[in-house]
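**Q**
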Amino acid sequence: RVRKSYLKGNLKIGWEKSADGAYVHTEASNTAVTEESLVLGVTTLTPQSIKKWISISDEVKDMKGEAFVDYIVDEIEYQMAKTVGDSAIAEAAGASSPLKQVFTAAGSALTTADIIGAEGLLAGDANPVLITTRANAAALKAAVLSAGYAYDPFDGMDVVYVDSAAMTVNSTTYLGVVADLSAWQINFVNGDDVKFVFDEFTEAPADIVRVIGRVMAGIGIVAPYKTVFIKPAGN
Numbered sequence: 079r080v081r082k083s084y085l086k087g088n089l090k091i092g093w094e095k096s097a098d099g100a101y102v103h104t105e106a107s108n109t110a111v112t113e114e115s116l117v118l119g120v121t122t123l124t125p126q127s128i129k130k131w132i133s134i135s136d137e138v139k140d141m142k143g144e145a146f147v148d149y150i151v152d153e154i155e156y157q158m159a160k161t162v163g164d165s166a167i168a169e170a171a172g173a174s175s176p177l178k179q180v181f182t183a184a185g186s187a188l189t190t191a192d193i194i195g196a197e198g199l200l201a202g203d204a205n206p207v208l209i210t211t212r213a214n215a216a217a218l219k220a221a222v223l224s225a226g227y228a229y230d231p232f233d234g235m236d237v238v239y240v241d242s243a244a245m246t247v248n249s250t251t252y253l254g255v256v257a258d259l260s261a262w263q264i265n266f267v268n269g270d271d272v273k274f275v276f277d278e279f280t281e282a283p284a285d286i287v288r289v290i291g292r293v294m295a296g297i298g299i300v301a302p303y304k305t306v307f308i309k310p311a312g313n
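Position one of the sequence shown corresponds to residue 79 (the numbering used here), numbered consecutively onward.
Below you can see the structure in the form of structure tokens.
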């Protein structure tokens, strides 16, 4: 869902922090329109190396065959994708206003009213999703049943589920994120596929093969008023 690019090196993305609207100029008016006040910001996507590796024995590799090696590769790719996604949330949480807004919930649990309040901080052209844990989403669904009447607890938004660890950034455990993910960008400097190294030499005397996966990615928010973090009251 996020914007992706595939450019080498650090990538600088310019964005509009604030700007005046256009003015109606009456014909034959002696008063000139006011010059636009335009404030720009820049986000730098600095690539970082994301790695995961596991060691397996020659005996296991030989007995289990290619199917087991494929499983190991798939597992590393899956964990790498999760890490990139979690890193995107962490980078977004660390951004400053207006790239990131913060809405304080009424209590310690996420409610539909909190979600609607967070949406009120978004730009008019935002097309948001809700990022939260399955536990928070389940509590919202249960609230609908308890209310005795039908309503959409997510206010029409798609829900992107993440693990609870992904929602904790700098000692703050957020209840959810309302975000237009087109405002998030990941720059893969060497492609978005995981590059693998099968090291059969380092621990060859011990009959150990190291399977190492690696991807280079720069992650950040590149548009303002499109991301709102919901934090619990008193946090």
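Glycine included, C-beta positions come from ideal geometry on N, C-alpha and C.
1) Could you spell out where the alpha helix (DSSP H) holding Glu151 opens and where it closes?
2) Which residue marks the beginning of the beta strand (DSSP E) containing Thr122, and which one marks its end?
3) Can you give the Cα-Cα distance for Pro125 and Thr109, rounded to whole angstroms?
4) Relative to the C-alpha of Ile264, which residue among Thr104, Ile286, Val238, Gly296 is closest?
5) Taking the CB atoms as reference points, tell me whether Ile154 and Ile134 lie closer together than 9 angstroms.
6) Assuming the contact rule is C-beta atoms closer than 8 angstroms, Ile167 and Gly254 should be a hit. Round their C-beta distance to whole Å, please.
7) Going by other Cβ atoms of all chains shown within 10 Å of its Cβ, with 16 needed for buried, is Glu169 buried or exposed?
8) If contacts are defined as beta-carbon pairs under 8 angstroms, then Val256 and Leu177 qualify, I think. What distance do you get, rounded to the angstrom?
9) To the nearest angstrom, how far is it from the Cα of Gly282 to the Cα of Val306?
10) Alpha carbon to alpha carbon, how far is Thr122 from Gln179? Give it in angstroms, no decimals.
11) Can you check whether the C-beta of Val256 is within less than 9 angstroms of a C-beta belonging to chain B?
12) Roughly how many angstroms lie between the CA atoms of Met235 and Pro206, to the nearest whole one?
13) In this structure, what does DSSP give as the bridge partners for Lys129?
14) What are the boundary residues of the alpha helix (DSSP H) that includes Asp192?
15) Cα separation between Asp98 and Val117?
16) Kindly indicate the opening and closing residues of the beta strand (DSSP E) around Lys219.
17) Name the residue from Leu200, Glu114, Trp262, Ile308 whose alpha carbon lies nearest to the alpha carbon of Asn214.
18) For Asp285, collect the residues of the same chain with a Cβ closer than 6 angstroms to its Cβ; drop the 5 residues on either side in sequence, then sort them by chain order.
19) Starting from the Cα of Lys90, find the closest Cα among Gly312, Ile299, Asn313 and give me that residue.
20) Going by DSSP, what residue range makes up the beta strand (DSSP E) through Gly312?
21) Inspect the beta-carbon positions of Tyr239 and Thr246 and report whether they are closer than 9 angstroms.
22) List the endpoints of the continuous beta strand (DSSP E) containing Tyr239.
23) Can the beta-carbon of Phe266 be found closer than 9 angstroms to that of Val293?
24) Straight-line CA distance for Gly143 to Lys129?
**A** Judging by the given coordinates:
1) According to the sequence shown, residue 151 is Val rather than Glu. Start and end: 144-171.
2) 116-123
3) 50 angstroms
4) Comparing alpha-carbon positions, the option among Thr104, Ile286, Val238, Gly296 lying closest to Ile264 turns out to be Gly296.
5) Pairing Ile154 with Ile134 gives a Cβ-Cβ distance that is not under 9 angstroms.
6) Not confirmed; about 11 angstroms, so no contact.
7) Buried.
8) Actually they are not in contact, since the Cβ atoms of Val256 and Leu177 sit about 14 angstroms apart, beyond 8 angstroms.
9) The sequence shown places Ala at residue 282, rather than the Gly named in the question. Rounded to the nearest angstrom, the two C-alpha atoms are 51 angstroms apart.
10) Computed Cα separation, rounded: 19 angstroms.
11) Within the model displayed, chain B is absent; a lone protein chain is all it includes.
12) 7 angstroms
13) Arg292
14) 190-197
15) 9 angstroms
16) Premise fails: Lys219 lies in the alpha helix (DSSP H), 212-225, not in any beta strand (DSSP E).
17) Ile308
18) Ser135, Asp136
19) Ile299
20) First-last for Gly312: undefined, no H or E at that position.
21) no
22) Where Tyr239 is concerned, the enclosing beta strand (DSSP E) stretches over 237-239.
23) yes
24) Straight through space, the alpha carbons of Lys129 and Gly143 are spaced by roughly 24 angstroms.
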